[in-house]
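In the working numbering, the protein residues as written are 1 to 271. Beta carbons are placed, not taken as given, at the ideal position from N, Cα and C, and that holds for glycine. Please read all numbers here as calculations on a predicted model, not as lab measurements.
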DNA sequence: ATGGGCACCTGGCTGC
DNA sequence: TGCAGCCAGGTGCCCA
């Protein structure tokens with residue numbers, strides 16, 4: 001489900017509800033997430049005071065006075081803060097009860113999401129330490145991406161979804177950024193010109209920032225920390241629009257498979 | 001090193 | 001109505 005804009009929207013929504021709160025109880029209904037929750041999980045979190053709620057790539061970093069709760073939402077996960085007495089839903093796997101009378105609930109039907117409680121610098125965790133630059137920071141620029149694409153024969157769509165190249169760009173925004181940069185998703189990464197890479201970097205930054213502004217994209221089940229949807233779906237040019245007219249030139253949008261994922265593009269606008 | 005494919009899961013939709 | 005088959009916002013791991 002969530003790509004960078006949806007995770008960032010969740011982060012921003014959680015922050016005011018979590019910051020400064022004390023965790024009074026932790027209940028795990030299902031330990032079998034992407035990685036099985038260890039027996040120590042509940043005890044490590046219980047009694048902790050929550051600090052900053054951060055994000056790295058598509059991971060949420062919920063800081064506490066004794067370590068960091070690392071959360072990944074996978075394809076279908078969401079985190080919500082609800083009144084503690086609110087009824088539980090199927091697939092509410094973890095409940096973290098706060099001293100505010102509310103409870104942070106992790107719901108994830110497919111269980112591709114994960115939680116880890118880590119002590120020390122979370123940036124050194126195995127899941128984070130090798131990650132590429134954040135797309136919205138200045139270090140992700142044309143110079144960087146141009147160098148990173150040289151010698152690479154993979155399709156540019158596949159390459160920008162690789163977290164060792166740049167993080168946060170998932171299946172929706174990869175197609176959308178390539179449309180906005182007027183580049184065919186099939187182009188070999190190493191064959192892009194300097195100018196084309198520049199357009200792509202700008203398009204990635206623009207599309208992610210625009211999506212964050214309206215709370216991300218809700219296609220099926222994504223909801224933010226308040227349970228509300230994101231509104232970027234209305235701004236999508238190609239994703240899930242196969243057969244519909246391109247919003248720029250009216251040519252039917254096409255769909256294909258790359259790296260076992262659907263790609264959408266306009267064969268006329270994107271060369 | 002690079003690229004390609006699979007695996008992990010549940011649920012919703014389509015078509016017979 | 002039932003059921004098989006396909007598809008879905010991710011990513012770690014294994015193989016050539």
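- If you draw a straight line from the Cα of residue 129 to the Cα of residue 123, it comes to about 6 Å.
- Counting C-beta pairs closer than 8 Å gives three or more between the region 5-23 and the region 50-59, which meets the contact rule.
- Counting the other CB atoms within 10 Å of its CB gives residue 248 a total below 16, which places it among the exposed residues.
- Restricting attention to 42, 61 and 4, the CA atom closest to the CA of residue 75 is found in 4.
- Between the region 221-239 and the region 170-189, the count of Cβ pairs shorter than 8 Å is three or higher; the stretches touch.
- Distance from the Cα of residue 253 is smallest, within the candidate group 266, 224 and 215, for 266.
- Listed in chain order, the beta strand (DSSP E) elements of length 3 or more contained wholly in the region 111-158 are 114-118.
- By the criterion of a C-beta distance shorter than 8 Å, residue 269 is surrounded in its chain by 179, 182, 246, 248, 249 and 251, once the five residues flanking it on both sides are discounted.
- Residue nearest to residue 56 within the set 28, 33, 80 and 11 is 11 (criterion: CA-CA distance).
- Rounded to the nearest whole angstrom, the C-alpha separation of residue 8 and residue 157 is 22 Å.
- Shown here, residue 176 sits in a helix according to DSSP, grouped into three states.
- Restricting attention to 113, 196, 119 and 83, the CA atom closest to the CA of residue 141 is found in 196.
- Across the structure, residue 207 and residue 177 are spaced so that their CA atoms are roughly 6 Å apart.
- Residue 13: member of the alpha helix (DSSP H) spanning 4-18, first to last residue.
- Residue 72 has 59 and 114 as its beta-bridge partners, per DSSP.
- Using a Cβ distance threshold of 8 Å, residue 132 and residue 81 do not count as a contacting pair.
- In the DSSP annotation of this structure, the continuous segment of the alpha helix (DSSP H) that includes residue 199 starts and ends at 194-213.
- Excluding sequence positions up to five before and after residue 218, its CB lies within less than 7 Å of the CB of 229, 230 and 233, all in the same chain and listed in chain order.
- When the five nearest sequence neighbours on each side are left out, the beta carbons in the same chain lying within less than 6 Å of the beta carbon of residue 106 are those of 79, 93 and 94, in order along the chain.
- Residue environment analysis places residue 175 among the buried positions, since at least 16 neighbouring C-beta atoms fall within 10 angstroms of its C-beta.
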